[in-house]
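Just so you know, the protein sequences line up as chains A and B, in that order.
Residue 1 is where the first sequence starts when you use UniProt numbering, and the numbers rise one by one after that.
Residue 1 is where the second sequence starts when you use UniProt numbering, and the numbers rise one by one after that.
Here a beta-carbon is modelled for each residue, glycine too, at the ideal position from N, C-alpha and C.
This structure is a prediction, so every number in the text was calculated from the model and none was measured.
Below is one structure, written out as structure tokens, with a few remarks after it.
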Amino acid sequence: MLVTQNGAELCALLIDEIYGELPSRIFAVLLNRGRSSLPQLVQYTSMSPRQLRHGLAVLNQHSLLYFDVNSDNGMTVYEPNTDNAYNLARIGKVLEMVDTSLSPSAKDVMQSLLLSGQTRISDLVAAYQSKIDHASNVAKLVKDEGDDWPELNGTNGDVQVVKMPDTSINSAGQLNSVLCRLVEAELVEVIHKKTFLSPQDILRDVEKETLDKYFLAGVKGGKGKIEFQEKVADGLRKVRDESKSLKRKLEQNGTAAKRRKLFSGVGMSNGNGTHEEESGDPGLDPKQVIRINWEKCLVELRNRRLYQFVADMIGENTAYVYAVLLKLLTKRLARCRLDPTIDIKEGEEDIGVGFVTTDEILDNLKTGIDLSLGLGKATKDKISSKAAEVIHEHPPKKKLFIAEAEVDGDASADEEDEEGSGSESGESDAEYEVRGRSSAPVGNGTKVKFADAAAGKEQRLDRPGQLRQHLLLLAESTQHFVRHCGPDEWTVDFVPLMHTLCEAELDSVIEQRSGKPGLRLVRLLRDKGKLDEKSLQNVALMRKAEVQQKMLEMQTAGFVHIQEVPRDNKADVKKSFFLWFCDIEKSATHLVDTSYRTMVRCLQILEVIRQQEKDVLMLTKRTDVKGREKDVMRKEYYDRYSRFRENEKKLFAQVMRLDDFVSLLRDF
Amino acid sequence: MAGDEADDAAKIAILKDALYDKVRDHGSELRLFTQKDLMELGIIPAGNLLLLVRVVQALTDDKLFVGVNSGAGIAWRWRSREDAKKYTSLPNDETMMVYAVVDEAGADGIWNRTIKHKLNMHEAVVKNCIKYLETKGYIASMKNVEHPNKKMYIKANLRPSERATGGPWFTDGELDSVFIAELEDIVFEYIKTHSAYLGNQGPPRDAAGLRAPNKGIVKTEAEPSRGVKRPATEITNDDQAGPTKTHHADGTATSTSGAAGRPRGKVYLPMPAGYRHYPTVLDIAQMINDASFTNNTTLGPHEIQQLVDVLTYDGLIEPIKVNGRRGYRVTRPTKQDTVAFSERRKQREQDGGVLIDAPRMGVKPPTNGLTEAPCGKCPVFELCEEGGPVSPGNCVYFMQWLDIEDSVLARPNGAVTV
Ligand code: SF4
Numbered sequence: 001m002l003v004t005q006n007g008a009e010l011c012a013l014l015i016d017e018i019y020g021e022l023p024s025r026i027f028a029v030l031l032n033r034g035r036s037s038l039p040q041l042v043q044y045t046s047m048s049p050r051q052l053r054h055g056l057a058v059l060n061q062h063s064l065l066y067f068d069v070n071s072d073n074g075m076t077v078y079e080p081n082t083d084n085a086y087n088l089a090r091i092g093k094v095l096e097m098v099d100t101s102l103s104p105s106a107k108d109v110m111q112s113l114l115l116s117g118q119t120r121i122s123d124l125v126a127a128y129q130s131k132i133d134h135a136s137n138v139a140k141l142v143k144d145e146g147d148d149w150p151e152l153n154g155t156n157g158d159v160q161v162v163k164m165p166d167t168s169i170n171s172a173g174q175l176n177s178v179l180c181r182l183v184e185a186e187l188v189e190v191i192h193k194k195t196f197l198s199p200q201d202i203l204r205d206v207e208k209e210t211l212d213k214y215f216l217a218g219v220k221g222g223k224g225k226i227e228f229q230e231k232v233a234d235g236l237r238k239v240r241d242e243s244k245s246l247k248r249k250l251e252q253n254g255t256a257a258k259r260r261k262l263f264s265g266v267g268m269s270n271g272n273g274t275h276e277e278e279s280g281d282p283g284l285d286p287k288q289v290i291r292i293n294w295e296k297c298l299v300e301l302r303n304r305r306l307y308q309f310v311a312d313m314i315g316e317n318t319a320y321v322y323a324v325l326l327k328l329l330t331k332r333l334a335r336c337r338l339d340p341t342i343d344i345k346e347g348e349e350d351i352g353v354g355f356v357t358t359d360e361i362l363d364n365l366k367t368g369i370d371l372s373l374g375l376g377k378a379t380k381d382k383i384s385s386k387a388a389e390v391i392h393e394h395p396p397k398k399k400l401f402i403a404e405a406e407v408d409g410d411a412s413a414d415e416e417d418e419e420g421s422g423s424e425s426g427e428s429d430a431e432y433e434v435r436g437r438s439s440a441p442v443g444n445g446t447k448v449k450f451a452d453a454a455a456g457k458e459q460r461l462d463r464p465g466q467l468r469q470h471l472l473l474l475a476e477s478t479q480h481f482v483r484h485c486g487p488d489e490w491t492v493d494f495v496p497l498m499h500t501l502c503e504a505e506l507d508s509v510i511e512q513r514s515g516k517p518g519l520r521l522v523r524l525l526r527d528k529g530k531l532d533e534k535s536l537q538n539v540a541l542m543r544k545a546e547v548q549q550k551m552l553e554m555q556t557a558g559f560v561h562i563q564e565v566p567r568d569n570k571a572d573v574k575k576s577f578f579l580w581f582c583d584i585e586k587s588a589t590h591l592v593d594t595s596y597r598t599m600v601r602c603l604q605i606l607e608v609i610r611q612q613e614k615d616v617l618m619l620t621k622r623t624d625v626k627g628r629e630k631d632v633m634r635k636e637y638y639d640r641y642s643r644f645r646e647n648e649k650k651l652f653a654q655v656m657r658l659d660d661f662v663s664l665l666r667d668f
Numbered sequence: 001m002a003g004d005e006a007d008d009a010a011k012i013a014i015l016k017d018a019l020y021d022k023v024r025d026h027g028s029e030l031r032l033f034t035q036k037d038l039m040e041l042g043i044i045p046a047g048n049l050l051l052l053v054r055v056v057q058a059l060t061d062d063k064l065f066v067g068v069n070s071g072a073g074i075a076w077r078w079r080s081r082e083d084a085k086k087y088t089s090l091p092n093d094e095t096m097m098v099y100a101v102v103d104e105a106g107a108d109g110i111w112n113r114t115i116k117h118k119l120n121m122h123e124a125v126v127k128n129c130i131k132y133l134e135t136k137g138y139i140a141s142m143k144n145v146e147h148p149n150k151k152m153y154i155k156a157n158l159r160p161s162e163r164a165t166g167g168p169w170f171t172d173g174e175l176d177s178v179f180i181a182e183l184e185d186i187v188f189e190y191i192k193t194h195s196a197y198l199g200n201q202g203p204p205r206d207a208a209g210l211r212a213p214n215k216g217i218v219k220t221e222a223e224p225s226r227g228v229k230r231p232a233t234e235i236t237n238d239d240q241a242g243p244t245k246t247h248h249a250d251g252t253a254t255s256t257s258g259a260a261g262r263p264r265g266k267v268y269l270p271m272p273a274g275y276r277h278y279p280t281v282l283d284i285a286q287m288i289n290d291a292s293f294t295n296n297t298t299l300g301p302h303e304i305q306q307l308v309d310v311l312t313y314d315g316l317i318e319p320i321k322v323n324g325r326r327g328y329r330v331t332r333p334t335k336q337d338t339v340a341f342s343e344r345r346k347q348r349e350q351d352g353g354v355l356i357d358a359p360r361m362g363v364k365p366p367t368n369g370l371t372e373a374p375c376g377k378c379p380v381f382e383l384c385e386e387g388g389p390v391s392p393g394n395c396v397y398f399m400q401w402l403d404i405e406d407s408v409l410a411r412p413n414g415a416v417t418v
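Below is the structure:
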């Protein structure tokens, strides 16, 4: 994460909000000064080593630090982990995601992990055990005692509502199986000895090891260099994979799905019960220390975001199909953005995400979804099944990503269409159908059925046919949400897709800020490259004054940029002409920074209103009030308290919404 | 000798008329005739070059021939007798020269300063000549969109060229925004209704259906059907809509599945993949001209393409190629309003557009965290910092957004007890 001043401020505020002031102050100092040792920190902060050690421990517990022990002098140096600090803004979303995609009890466990940071499995089990015991004791005595779930930061009230849901863990076996699910989903990973090294340190170590092991005589020549790089990439990959050791162990025992199949005879379609089967899950090694794997969480969050895009741009049922496709496709995808040094081998094509078949999707669709909805109808003579069924085995070429965008419909996809166009246009329907069928995959005979459905409303497509229609629609979209990569095989080219969607997101910001005229001018520039004012007027069909005003406005907002081109080498400003252009990258970076700043403001406002209501908030801290605010407090005060809670919620929600934006532009 | 001369003059006069008539038969006023062309017309006997020169000179003097210096030497074109009469009726050489220059400029017109330069005459003289010609109705002033501030003149009986008027988008040298907007409306409506299927909204989803996967992540607005008036309160509440919808920390808030919030009814649905009848530019041009929305201008495919491009840049429509046929379809079909075109127009006229919370065409863009927060549209965003004159500590925008009155700010912090 590129840390700007606003970004740094945001990280510090987030830590303050969740883990308190001390760690936040230390973190800010580390951000400011970079890598520092304890004595240095003492110097910078005028805190006592004791305080510092305490603060550093908290930061470390929550993976907010990198540290490295210098082998020469034994001194430990600390570095801030800004990525994880920023991730704190996503806590709510991640919990929500785990809740819906796994189970409420998984969310509960996730929440514990968030509260306590990295945890030894045995400790987690112990914590839950005492809670389980306590709960059953309490349940015996009083029915509705408030929960005793620890609050994180005494002064702040809870960040996430910590009420224990009814669906929480009530046996050790259940806890174990929930953990297994989380590990399998890679949402939780294992700490290993290199976890806390910063990426640069890891690289340094791996390079050194590689040199010692394979290149004692040094790296020589171009070939040697390539070989060296490959070996380093291997090493880095190995380090990275270590965090998945638990998952691998689980897989050696067969995946959960397989085990369940063995146990129940038939695969359960959607094991979404709150009480997971306890059977069959191996006990996890209690000595392992686990923590949340944010990278994988981001993959899940991205899937959700993509779902939203499709729901908005195409329709909800199609989006649902897409969600299922994504879920299956990204099962093995560890992170959103591949690391160029590790994941992409020289000369090879990108390691794709693989593909999903129509049948797999069908097997995972909820039965309650009516796939006949959300699609227009047309008689068969109006449909070119050949065009619809076009298969693109390879991802679009890199160059095209930018040139194509969504403005220009003829990307690579269309070039292939063109080849067939001549012969196709004159075809009669009969011929047409034959061709459509012969070129179609042998699959489930959709073609024929589809024609029936269009002919008469009563005859409907069967479910696989309907599903296929949604998939084809996704494949045909100008955003290229899906690529039809083989007969009945579907995949997603995330890189170009996310690029397109970033632009779409920028577009909506621009439209909100500068209106349709602003959007028109920006997209025009994106399409045509650099233009002078005159051409802008001509193409946009807008008046001179309006164009001038909009362009200036958008230049200030950082959406468009201007370049001076001197007419001769005297560079007389009066004679030079000016070209407008727009640099998506630049605009995006600018907006991300603006978002950081806005998030900072939200958190600061929260502090302001907290100060305003300080007296009431103090009151709620009293042990005799806590948990029974409504009953004990005077109405006047209680109203103020609940108003505050509402506003607090609203501000946090706003921060998360801002993160939606930042994630898309920066991380997805 | 005198008789010879008279004879000669008569001969020339006859040849003059004969040559003039023949030349007019052989082409328009624009055609250039070289000396060879003229000779080959067969009027001048025995290829007498000298005679030809004299006849041509006589015609030029009568302003019936105009000498033009073409690349391959001098050539002539003819001028109508009426036009020629105008020339000959002019009082002096200066006026005639000015008129000639304006005439020369043709349909593009000419700038008065250019006239001055070309003729190397004094400004006052040129001015006088122009004035004379204008009052006579021989030339007229005109506007050229390419040089809106220059005073241009054109021969009175010519229509300014496309280049000068800017084509159908300009009226009196000004971009006709109203006309363009009108056409944009029509084109968009046509594409919308011809590229998506007007179908029924499905029944509200059951809880077990879509709710689970999208709980809390769908930020659809509880959209009232578009084009329908929204009460003022609802508009002011818009800012707050975002946050309350997404926060589900306690896990109890309900899902906001898009369909659930909307009344059941008609909705535009995307066409199946491979649809071959998305409207093309030619279809649209045909429609516009058939319906004759535009009196006395015909819009060709080129102009329609311009309109369609603009709508594409607006993000309202997108090009889609099926089998090499490039058509256009509406974006975000399911979000489009289904109110009939005329109906919506009527509503808009009734309120003068005040209460309708919908864009003229298409749908509002999705909002996001940045545009929703007060800071996103704050006029003093750049200045705002803690401890500064504008700071979160005294931010009025946020207090409004959170609905906190000022009185709260002034409340003394006394001891509070149960
Ligand atoms: S004044 Fe208020 S709205 Fe404006 S930037 Fe500051 S905090 Fe945000």
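Chain-order list of residues whose beta-carbon lies under 6 angstroms from that of residue i (same chain, five-residue window excluded)
i	result
Ser122 (chain A)	Pro286
Thr338 (chain B)	Lys266
Nearest-angstrom beta carbon gap, residue j and residue i [assumed within contact, 8 angstroms]
i	j	result
Leu603 (chain A)	Glu21 (chain A)	No, Leu603 (chain A) and Glu21 (chain A) are not in contact; Cβ-Cβ is about 13 angstroms, not under 8 angstroms.
Asp79 (chain B)	Val66 (chain B)	The residue you asked about is not Asp; residue 79 (chain B) is Arg in the sequence shown. Contact holds; Cβ gap of about 6 angstroms.
Leu383 (chain B)	Phe661 (chain A)	That belief does not hold up - the Cβ atoms of Leu383 (chain B) and Phe661 (chain A) are roughly 23 angstroms apart, past 8 angstroms.
Residue i and residue j closer than 8 angstroms at C-beta
i	j	result
Tyr78 (chain A)	Leu30 (chain A)	yes
Leu269 (chain B)	Gly199 (chain B)	yes
Val145 (chain B)	Ala164 (chain B)	yes
Ala46 (chain B)	Ile12 (chain B)	no
Val310 (chain A)	Thr330 (chain A)	no
residue 671 (chain A)	Thr45 (chain A)	Missing from the structure shown is residue 671 (chain A); chain A here goes from 1 to 668 and no further.
Distance, residue j Cα to residue i Cα
i	j	result
Leu651 (chain A)	Asp312 (chain A)	25 angstroms
Leu102 (chain B)	Glu94 (chain B)	It is Val, not Leu, that sits at residue 102 (chain B) in the sequence shown. Going from the Cα of Val102 (chain B) to the Cα of Glu94 (chain B) covers about 12 angstroms.
Asp99 (chain A)	Ala106 (chain A)	7 angstroms
Lys570 (chain A)	Phe577 (chain A)	13 angstroms
Ile369 (chain A)	Lys335 (chain B)	20 angstroms
Leu90 (chain B)	Leu158 (chain B)	19 angstroms
Ala156 (chain B)	Glu533 (chain A)	33 angstroms
Asp8 (chain B)	Lys16 (chain B)	12 angstroms
Option nearest residue i by Cα separation, candidates the options
i	options	result
Thr318 (chain A)	A:Ile562, A:Lys550, A:Leu472 and A:His134	A:Leu472
Thr171 (chain B)	B:Met142, B:Thr135, B:Leu402 and B:Arg24	B:Met142
Gly315 (chain B)	B:Phe188, B:Leu49 and B:Asp403	B:Phe188
His277 (chain B)	B:Gln305, B:Arg326 and B:Gln286	B:Arg326
Lys516 (chain A)	A:His54, A:Ala588 and A:Leu541	A:Leu541
Met96 (chain B)	B:Ile130, B:Ile110 and B:Asn112	B:Ile130
Arg329 (chain B)	B:Phe341, B:Glu303, B:Gly362 and B:Tyr138	B:Gly362
Lys93 (chain A)	A:Glu629, A:Asp572, A:Met656 and A:Arg567	A:Met656
Arg240 (chain A)	A:Lys193, A:Thr45 and A:Leu371	A:Lys193
Arg337 (chain A)	A:Ile361, A:Asp381, A:Arg248 and A:Arg302	A:Arg302
Beta-carbon proximity list for residue i, same chain, < 7 angstroms, skipping 5 on both sides
i	result
Tyr397 (chain B)	Pro374 and Cys378
Phe381 (chain B)	Cys375
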